[in-house]
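Residue numbers (my numbering): 78 to 304.
Ideal Cβ placement from N, Cα and C applies to all residues, glycine included.
Here the structure is laid out as structure tokens; the discussion comes afterwards.
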């Protein structure tokens with residue numbers, strides 16, 4: 078993963094590798110790597126509690142760059158999307174989603190039900206105005222300064238992605254997307270827990286939808302006044 082990232086990335090960056098405890102088998106691998114020019118690796122321990130949401134919040138707090146990109150360490154995310162994401166960031170976007178469901182995007186493998194629910198959530202929100210087809214994807218770029226303005230409540234699973242999207246809509250971030258391919262891992266097992274996290278997904282899906290509807294109503298009211 079690190080070698081592929083080094084080859085794909087075109088500018089100096091720091092790599093934050095978040096781990097839960099000292100028994101993590103990731104640690105000796107990272108410590109044995111020779112330094113990579115242009116990429117500064119930092120190991121960051123998650124002390125907030127287990128789970129992907131806490132790992133992400135730990136990384137958010139430790140990041141020092143202006144742009145922050147979230148990736149999983151299983152090589153499922155599309156490294157070819159990194160430079161297009163950064164190009165949109167340079168144009169002033171606050172959040173750029175790697176999108177599996179827009180034209181040019183693709184999802185290969187993974188649980189059937191999880192994929193269907195994710196696709197339905199993304200496409201239905203896009204139909205009511207969300208500027209991305211894939212809000213549930215963790216593979217996103219954030220403007221770090223804007224991300225730190227949010228009070229992130231999630232302490233559980235990957236529903237944190239929908240929470241951030243709902244709050245970004247309320248804060249009127251500039252949101253974009255680039256096509257991205259996601260490939261299911263070939264070794265190991267995912268820690269994704271669909272049935273445990275589904276109620277939280279529904280909560281933030283509803284809030285994102287409500288925010289989009291409010292935005293449409295505000296726009297309609299402004300048009301009426303101008304008319």
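Item, Value
"CB of residue 160 within 9 Å of CB of residue 90, strictly", "no"
"Cβ contact check for the region 146-160 and the region 220-233: 3 or more pairs under 8 Å", "no"
"Close-in-space but distant-in-sequence residues of the same chain around residue 104 (CB under 8 Å, 5 per side omitted)", "96 and 120"
"CA nearest to the CA of residue 198, picked from 206, 213, 80 and 189", "213"
"Rounded straight-line distance, which links the Cα of residue 228 to that of residue 245", "11 Å"
"Secondary structure of residue 117, DSSP reduced to three states", "strand"
"C-beta atoms of residue 252 and residue 201 nearer than 9 Å", "no"
"Where the alpha helix (DSSP H) containing residue 93 begins and where it ends", "First-last for residue 93: 90-96, but that is the beta strand (DSSP E), not the alpha helix (DSSP H)."
"Distance CB(residue 211)-CB(residue 249) smaller than 9 Å", "no"
"Nearest-angstrom Cα separation, counted from residue 261 out to residue 279", "24 Å"
"Residue 287 (DSSP reduced to helix, strand or coil)", "helix"
"Residues of its chain near residue 303, where Cβ-Cβ distance is below 8 Å and the 5 sequence neighbours each way are ignored", "With a pLDDT of only 46 at residue 303, under 50, the local geometry of the prediction cannot be trusted, and no value is derived from it."
"Which listed residue (258, 219, 236 and 230) has its alpha carbon closest to that of residue 145", "219"
"Distance between beta carbons of residue 130 and residue 234, contact taken as under 8 Å", "6 Å"
"Nearest residue (CA-CA) to residue 78, options 142, 123, 169 and 155", "155"
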